[in-house]
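Start counting at 1 in the sequence shown, then tack on 4, and there's your number in my numbering. Below is one structure, written out as structure tokens; the observations come after it.
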Amino acid sequence: MRSSHTDALLTGAALTGRCLAWGPLWVLMLASFCGRGLLPGCGILTVLSCAAAVTARCSYRLRKRSSGFRLRGFTLLLTGSAAVTLLHLVTGRWVVPVLLGTLTQCAAVSGTDKKPPELFHVTAFAFSVTGAAVSVLLLRLAMLPVPGTLLLVFTAVISALFFLLRNQFMLTRMVNRRSRTETAVPAEIRRGNLVMFCGVLAVIFLLLLLHAPLLRLLRGAVHLLVLLVRTLGRGLVRLISRLGGAPPETDAEGGGVPGIPEAETANAGSSPLFALLWIPLIAVTVYICYFFLTDWVYAIREFFVNLLQKLRSGEAPAKTFGHSEYTDTETAAQPEPGIRLRRRRWRRSYRAWKRLPEGDAKFYAGYQLLLTAPAWAQGAVRGADTVQEIRDKWAKDYLPEELLNAVTADFHADKYECAGLPAHAADDLRKALEALV
Numbered sequence: 005m006r007s008s009h010t011d012a013l014l015t016g017a018a019l020t021g022r023c024l025a026w027g028p029l030w031v032l033m034l035a036s037f038c039g040r041g042l043l044p045g046c047g048i049l050t051v052l053s054c055a056a057a058v059t060a061r062c063s064y065r066l067r068k069r070s071s072g073f074r075l076r077g078f079t080l081l082l083t084g085s086a087a088v089t090l091l092h093l094v095t096g097r098w099v100v101p102v103l104l105g106t107l108t109q110c111a112a113v114s115g116t117d118k119k120p121p122e123l124f125h126v127t128a129f130a131f132s133v134t135g136a137a138v139s140v141l142l143l144r145l146a147m148l149p150v151p152g153t154l155l156l157v158f159t160a161v162i163s164a165l166f167f168l169l170r171n172q173f174m175l176t177r178m179v180n181r182r183s184r185t186e187t188a189v190p191a192e193i194r195r196g197n198l199v200m201f202c203g204v205l206a207v208i209f210l211l212l213l214l215h216a217p218l219l220r221l222l223r224g225a226v227h228l229l230v231l232l233v234r235t236l237g238r239g240l241v242r243l244i245s246r247l248g249g250a251p252p253e254t255d256a257e258g259g260g261v262p263g264i265p266e267a268e269t270a271n272a273g274s275s276p277l278f279a280l281l282w283i284p285l286i287a288v289t290v291y292i293c294y295f296f297l298t299d300w301v302y303a304i305r306e307f308f309v310n311l312l313q314k315l316r317s318g319e320a321p322a323k324t325f326g327h328s329e330y331t332d333t334e335t336a337a338q339p340e341p342g343i344r345l346r347r348r349r350w351r352r353s354y355r356a357w358k359r360l361p362e363g364d365a366k367f368y369a370g371y372q373l374l375l376t377a378p379a380w381a382q383g384a385v386r387g388a389d390t391v392q393e394i395r396d397k398w399a400k401d402y403l404p405e406e407l408l409n410a411v412t413a414d415f416h417a418d419k420y421e422c423a424g425l426p427a428h429a430a431d432d433l434r435k436a437l438e439a440l441v
């Protein structure tokens, strides 16, 4: 059974987000038509709206529908009257308190009988974020002070609640997607997701807190990069000017492109060699984007996948070859790593294999390493292939035939003939792997 305590917390968080979604409207109305009592008014509406929503939610648990209806009506009357009265005391107005008190309390009470995932839907979140942006725009057009800090707090709290609820409800859906009963999410999975979620929020908070020094550091890095580019460009321009027969001249007044004399830029049109400047620029850009950024993006994605797996189950995902057991997954296909990254990882695995103690386990680990070599074409080896078929495929396009013949014979002797691994099995496999390295 699912934990009632966890259900209560998630339901309370959903009701709170549902009520706070009206925050930008509160800020806009109070700032535009009242001129005072903004922060106390928002606090009053928040507390009373949440109290009305929780009471209305509890009223649906009553056995008699008439009793629940009377409780909701009494709650709406009580919280609405309290909201109007308290808002009048802090703002000194009547029209806005009546409108806000009536509207928000009715919205807080209605629709609280839905399932927890539907209490704070994406529509309410989008409404709140859009309302915050529209409130800033309208207040600026009206030339009124914009309470940016308060709107930012509303948006941050609502965003944190929305993504926290999406995360937790997604876990429940994943656990129960093939079951007719509501099963509790394992505590270690829920704890791992909460740790990851809080870590992301902490990183965002630190970035906001340290935005000034980070911006200075970023500007310094940009200035350094611009200086390096200017130095390199100035050197290339001077070299091409000399090769083109027009030596560079120094502009005494310092006009032209910063970092490059005007005479040098003027010679660009007279020498066709300046067109060659695009060749190294394009080559370097393609090299960086293809060979560096792709590996970095894949490595970062894999790091977070492994981290999430460790937080959920306490261990990294096992990588097996030819595993025929059915696995129930709900995921999208991920891109394969680049050939350079595959080679680097394979060589690292080979160095780790060499440190293993001698024995049968080392032989089969080495054979598995051979099957995952980067020299194989994608999809060349299949899970149903026998060692003889693998040898034929390998000998056809890759290593010399005699290197894998001995390894295949050793495999047959142990697995199929039950004669055990020969004494030279490890040496045969080592020669094949060294040939790959």
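No residue lacks a Cβ here, since even glycine has one placed at the ideal position from N, Cα and C.
At 4 residues or longer, and completely inside the region 90-164: list those alpha helix (DSSP H) runs for me, N to C.
For the region 90-164, whole alpha helix (DSSP H) runs of length 4 or above, ordered along the chain, are 99-113, 120-123 and 126-145.
Are the region 32-52 and the region 90-102 touching by the rule of at least three beta carbon pairs closer than 8 Å?
Yes: the two stretches touch, three or more of their Cβ pairs being nearer than 8 Å.
Do residue 193 and residue 165 have their beta-carbon atoms positioned less than 8 Å apart in this structure?
Taking 8 Å as the cut-off, the beta carbon of residue 165 is found no closer than this to the beta carbon of residue 193.
Within a Cβ cutoff of 8 Å, which residues of the same chain sit near residue 142, ignoring the five residues on either side of it in sequence?
Beyond the five residues adjoining it in sequence on each side, residue 142 comes within less than 8 Å, by CB distance, of 32 and 36 in the same chain, given in chain order.
Can you give me the C-alpha to C-alpha distance between residue 352 and residue 225, rounded to a whole angstrom?
Taking the straight line joining both Cα atoms gives about 33 Å.
Could you pull out every residue in the same chain whose Cβ sits closer than 7 Å to the Cβ of residue 22, ignoring the five residues on either side in sequence?
Only 57, 123, 124 and 128 meet the Cβ criterion.
Can you check whether the CB of residue 20 is closer than 8 Å to the CB of residue 120?
No, Cβ-Cβ distance for residue 120 and residue 20 is not below 8 Å.
Leaving out five residues on either side along the sequence, give the residues of the same chain with a beta carbon under 7 Å from the beta carbon of residue 79.
Here the set comprises 56, 59, 60 and 113.
Hey, how far is the Cα of residue 350 from the Cα of residue 378?
If you draw a straight line from the Cα of residue 350 to the Cα of residue 378, it comes to about 7 Å.
Using C-beta distances below 6 Å, list every residue in its chain close to residue 376, excluding the 5 sequence neighbours before and after it, in chain order.
So the list is empty, once near-sequence residues are dropped.
Determine the direct distance from the alpha carbon of residue 144 to that of residue 27, and round the result to whole angstroms.
Going from the Cα of residue 27 to the Cα of residue 144 covers about 18 Å.
If contacts are defined as beta-carbon pairs under 8 Å, then residue 147 and residue 315 qualify, I think. What distance do you get, rounded to the angstrom?
With a Cβ gap of about 50 Å, residue 147 and residue 315 do not count as contacting.
When you compare only the Cα positions, how much space is there between residue 434 and residue 308?
Their backbone Cα atoms lie some 34 Å apart in a straight line.
Measure the C-alpha to C-alpha separation of residue 365 and residue 392 and round it to an integer number of angstroms.
Distance between the alpha carbons of residue 365 and residue 392 is about 20 Å.
Could you compute how far the alpha carbon of residue 213 sits from the alpha carbon of residue 76?
Approximately 43 Å between the Cα atoms of the pair.
How is residue 389 classed by DSSP in three states: helix, strand or coil?
The three-state secondary structure of residue 389, taken from DSSP, is coil.
Alpha-carbon to alpha-carbon, residue 413 and residue 425
Roughly 10 Å between the two C-alpha positions.
What would DSSP say about residue 64, mapped onto helix, strand or coil?
In this structure, residue 64 counts as coil in the three-state DSSP scheme.
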